[in-house]
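Asks:
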Amino acid sequence: MLVYCAIAVMILLFNQSCLAGIHSLHAHGLASLGTSSPKSINMLILDDIVVYYYSPLKETPMPKWLKSSDGVLLWEEIQWDFQHNRLVLDKAVNLTSKHFSNTHAHFYQAYSQCEFNPEDEYMSAAVSHGYNGKDFVSFDVKSRTWVAAVPEAWFYKRKREEKSEDLLGMIHSYEYRCFRWLKKLLNFSHEERKEKVPNVELVEKSSPGTSNLKVTCHVTGFYPREVHVEWLDERGHKLVDGVISEEVLPNGDGTYQVRRTLKVPDEAPWSQIYRCQVVHSSVTGNITVVWDRKRSFTALIVGCSIGLIIVTVLILVIVRRRQCQQKPTKPNTPRSRDAYMRTTTDLNLPSEQSTEQERFSPQCIPDTQYTMHS
């Protein structure tokens, strides 16, 4: 459980740090020892798109938007790099577990990122490691050195600096390769990252036996994640009191959703109007949906009236049908064919089929007698 919590916290921190215009590539790694949880987990995230995920129980296939000759080569490079990283983290958790033998469960975490802004060519990279949920060491890309976050991490800093090949590999990764991956993945995922316009819907909910009324502004189906939602009064002033804000959540299809709920004050005038305003990069200006208490109540009354009429008509139809089914019909008395022919000839009656149909009451014809003619 601690393994998954650690990954969730890292993703949450990443989502909260997203800035408009800046693209980022994040790598997460975790190795554990002495636990029943998966011993190794790796993730690679482009902005907010999971590119690669690995655990002993699952490994994601190559994304569809990478299925080109250059994309396949990049995917193979990513897979090889994370296989190497798993070996590095396995060594790290074994080394630290021997150094800190006071616990049974050991978790070693690694986090790295590189950021790039196409507008001004801004670039930055960072690497940090943690042990059992606390800062342990980091790699300073500018000074090209390992930095111990706590005195207990000095042994690991010295261990990593012993091999010049390892140091050169870190420099190459975060001065060159991470940015190359980032730019290529941005190019390949262009269609995947297209902006999607949010859908805005107002949902009312009242508490039984009370006058409490809540109106939720549900905004969903938008991309990218950054969105600004607020409630305004009829003068356009932002409402703070009585507004419940929730976190932006993923829908599972690459889009996001968020809710803002307004507690309508009991003393609010009957004609009070509120507006839910949504600002998103996919829309020029904003999307505004108006909630009118008076119109909402009128719509409720009309809806109830229509529903009552429909129920009444259905009841009358059911009662009428049961009456028709219970009404007795005249028994069919057999007669000889000669007598029957004489009767129909003398009275100039229609054919036998028509005579048979007339034995039923015209007002209570069974359902099976209805036929369609063209």
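Read in order, the letters of the sequence shown correspond to residues -20 to -1, 1 to 354 in mature numbering (1 follows the signal peptide of the UniProt record, and there is no 0). All C-beta atoms in this analysis are idealised placements derived from N, C-alpha and C, irrespective of residue type, glycine included. Computed from a predicted model, the values in this text were never measured in an experiment.
In whole angstroms, what is the alpha-carbon distance linking Cys158 and Trp45?
Replies: Numbered from its first residue, the sequence shown carries residue 158 at position 178. Numbered from its first residue, the sequence shown carries residue 45 at position 65. For Cys158 and Trp45, the distance between alpha carbons rounds to 19 Å.
Asks: Take the Cβ of Val130 as the centre, count every other Cβ of all protein chains shown within 10 Å, and call the residue buried at 16 or more, exposed below.
Replies: Here the question's residue 130 lines up with position 150 in the sequence shown. The residue is exposed, with fewer than 16 neighbouring Cβ atoms inside 10 Å.
Asks: Using the Cβ count rule (16 or more neighbours within 10 Å means buried), how would you classify Met23?
Replies: Here residue 23 refers to the residue found at position 43 of the sequence shown. Answer is buried; the Cβ neighbour count reaches 16.
Asks: Taking the beta carbon of His109 as the centre, do at least 16 other beta carbons fall within 10 Å, making it buried, or is it exposed?
Replies: Taking the sequence shown and counting its residues from 1, the one referred to as residue 109 is at position 129. His109 should be labelled buried.
Asks: To the nearest angstrom, how far is it from the Cα of residue 359 to the Cα of Ala11?
Replies: Absent from the model: residue 359. The displayed extent of the chain is -20 to 354, so no value can be given.
Asks: Quick check: what's the CA-CA separation for Gln252 versus Thr40?
Replies: Your numbering for residue 252 matches position 272 in the sequence shown. Your numbering for residue 40 matches position 60 in the sequence shown. Using only the alpha carbons, I get a separation of about 52 Å.
Asks: Could you tell me whether the region 103 to 123 touches the region 86 to 93, using the rule of 3 or more Cβ pairs below 8 Å?
Replies: Counting Cβ pairs under 8 Å, three or more are found: they touch.
Asks: When the distance is taken between beta carbons, is Trp211 closer than 8 Å to Tyr154?
Replies: For the purposes of this step, residue 154 is taken as the residue at position 174 of the sequence shown. For the purposes of this step, residue 211 is taken as the residue at position 231 of the sequence shown. Taking 8 Å as the Cβ cut-off, Tyr154 and Trp211 do not qualify as a contacting pair.
Asks: Nearest-angstrom Cα distance between Lys174 and Glu101?
Replies: Numbered from its first residue, the sequence shown carries residue 174 at position 194. Numbered from its first residue, the sequence shown carries residue 101 at position 121. Going from the Cα of Lys174 to the Cα of Glu101 covers about 21 Å.
Asks: Please identify the residue among Gly201, Ile298 and Glu181 whose C-alpha is closest to the C-alpha of Val270.
Replies: Numbered from 1 along the sequence shown, position 290 holds the residue referred to as residue 270. Comparing Cα-Cα distances from Val270 to each of Gly201, Ile298 and Glu181, the minimum goes to Glu181.
Asks: Tell me where the beta strand (DSSP E) around Val180 begins and ends.
Replies: Working through the sequence shown from its first residue, we reach residue 180 at position 200. Segment Asn179 to Ser186, the beta strand (DSSP E) holding Val180.
Asks: For Ser169, which residues of its own chain have a beta-carbon under 7 Å away from its beta-carbon, when the five flanking residues on both sides are left out?
Replies: Residue numbering aside, residue 169 sits at position 189 when the sequence shown is read from its first letter. Contacts found: Leu26, Ile29 and Trp45.
Asks: Which of the three DSSP states is assigned to Ala129 in this structure?
Replies: Counting from one through the sequence shown, the residue named residue 129 turns up at place 149. DSSP places Ala129 in coil when its eight states are reduced to three.
Asks: Less than 8 Å separating the beta-carbons of Arg240 and Ser225?
Replies: Sequence index remark: in the sequence shown, residue 240 carries index 260 (1-based). Sequence index remark: in the sequence shown, residue 225 carries index 245 (1-based). Yes, the pair counts as a contact, with Cβ atoms nearer than the cut-off.
Asks: Determine the burial state of Trp134: buried for a count of at least 16 other Cβ atoms within 10 Å of its Cβ, exposed for fewer.
Replies: In the sequence shown, residue 134 corresponds to position 154, counting from 1. Exposed, since its Cβ has fewer than 16 Cβ neighbours within 10 Å.
Asks: Over what stretch of residues does the alpha helix (DSSP H) that includes His86 continue unbroken?
Replies: In the sequence shown, counting from the first residue as 1, residue 86 sits at position 106. From DSSP, His86 is part of no alpha helix (DSSP H) but of the beta strand (DSSP E) over His86 to Asn97.
Asks: Per DSSP, Gly110 forms a beta bridge with which residues?
Replies: Locating residue 110 in the sequence shown gives position 130, counting from the first residue. Answer is Gln89 and Asp115, bridged to Gly110.
Asks: Report the CB separation of Val183 from His198 in whole angstroms; it is logged as a contact under 8 Å.
Replies: Numbered from 1 along the sequence shown, position 203 holds the residue referred to as residue 183. Numbered from 1 along the sequence shown, position 218 holds the residue referred to as residue 198. Right, their Cβ atoms sit about 6 Å apart.
Asks: Report, in whole angstroms, the separation of the C-beta atoms of Leu194 and Lys243, which I expect to be a contact under 8 Å.
Replies: Stepping through the sequence shown from its first residue, residue 194 is reached at position 214. Stepping through the sequence shown from its first residue, residue 243 is reached at position 263. Note that residue 194 corresponds to Lys in the displayed sequence, not to Leu. Rounded, the Cβ-Cβ distance is 6 Å, consistent with contact.
Asks: Identify whether Ser123 lies in helix, strand or coil by the three-state DSSP scheme.
Replies: Counting from one through the sequence shown, the residue named residue 123 turns up at place 143. It is coil, neither helix nor strand.
Asks: Considering just the uninterrupted stretch of the beta strand (DSSP E) at residue 357, what are its terminal residues?
Replies: Lying outside -20 to 354, the shown extent of the chain, residue 357 is not represented and no answer is given.
Asks: Can you tell me whether Glu95 is buried or exposed? The criterion is at least 16 other CB atoms within 10 Å of its CB, across all chains shown.
Replies: Taking the first residue of the sequence shown as 1, we reach residue 95 at position 115. It counts as buried.
Asks: What does a CB cutoff of less than 6 Å around Arg317 pick up in its chain, not counting 5 residues either side in sequence?
Replies: One-based indexing of the sequence shown puts residue 317 at position 337. A caution first: Arg317 carries a pLDDT of 47, below 50, which makes its placement in the model too unreliable to give a value.
Asks: What residues match up with Arg239 in a beta bridge as DSSP calls it?
Replies: Numbered from 1 along the sequence shown, position 259 holds the residue referred to as residue 239. Per DSSP, His198.
Asks: On the premise that Glu141 lies in contact with Gly234, defined as a C-beta separation below 8 Å, what is that separation, rounded to the nearest angstrom?
Replies: As a position in the sequence shown, residue 234 is number 254, starting the count at 1. As a position in the sequence shown, residue 141 is number 161, starting the count at 1. About 42 Å separates the two Cβ atoms, so there is no contact after all.
Asks: Counting only the same chain and skipping the five closest in sequence on each side, list residues whose C-beta sits under 6 Å from that of Thr200.
Replies: As a first step, residue 200 is located in the sequence shown; it is residue number 220 there, counting from the start. Excluding positions up to five away in sequence, the list reads Asn179 and Gln237.
Asks: Pro230 bridges to which residues according to DSSP?
Replies: Counted from its first residue, the sequence shown places residue 230 at position 250. According to DSSP, which records beta bridges pairwise, Pro230 is partnered with Tyr236.
Asks: If you draw a straight line from the C-alpha of Thr196 to the C-alpha of Pro43, how long is it?
Replies: Here the question's residue 196 lines up with position 216 in the sequence shown. Here the question's residue 43 lines up with position 63 in the sequence shown. So the alpha carbons of these two residues sit roughly 36 Å apart.
Asks: State the Cα-Cα distance for the pair Lys176 and Arg66, rounded to the nearest angstrom.
Replies: Start at 1 with the first residue of the sequence shown, and residue 176 comes out as number 196. Start at 1 with the first residue of the sequence shown, and residue 66 comes out as number 86. Taking the straight line from one Cα to the other gives about 36 Å.
Asks: Kindly indicate which residue of Gly1, Val117, Thr125 and Leu162 has the alpha-carbon position closest to the one of Leu54.
Replies: Within the sequence shown, numbered from 1, the residue matching residue 54 stands at position 74. For Leu54, the nearest C-alpha among the options comes from Leu162.
Asks: Going by the beta-carbon positions, is the gap between Leu165 and Val31 smaller than 8 Å?
Replies: What you label residue 165 is simply residue 185 of the sequence shown in a count that begins at 1. What you label residue 31 is simply residue 51 of the sequence shown in a count that begins at 1. Yes. Within cutoff.
Asks: Using a 10 Å radius around the Cβ and a threshold of 16 neighbouring Cβ atoms, would you call Val263 buried or exposed?
Replies: Locating residue 263 in the sequence shown gives position 283, where the first residue counts as 1. Flag for Val263 reads exposed.
Asks: Classify Leu294: buried if its beta carbon has 16 or more other beta carbons within 10 angstroms, exposed otherwise.
Replies: For the purposes of this step, residue 294 is identified with residue 314 of the sequence shown, where counting begins at 1. With fewer than 16 Cβ atoms within 10 Å of its Cβ, Leu294 is classed as exposed.
Asks: Comparing alpha-carbon positions, which option in Ser20, Arg205 and Glu206 lies nearest Ala72?
Replies: Position 92 of the sequence shown, counted from the start, is the residue given in the question as residue 72. Taking only the C-alpha atoms, the option nearest Ala72 is Ser20.
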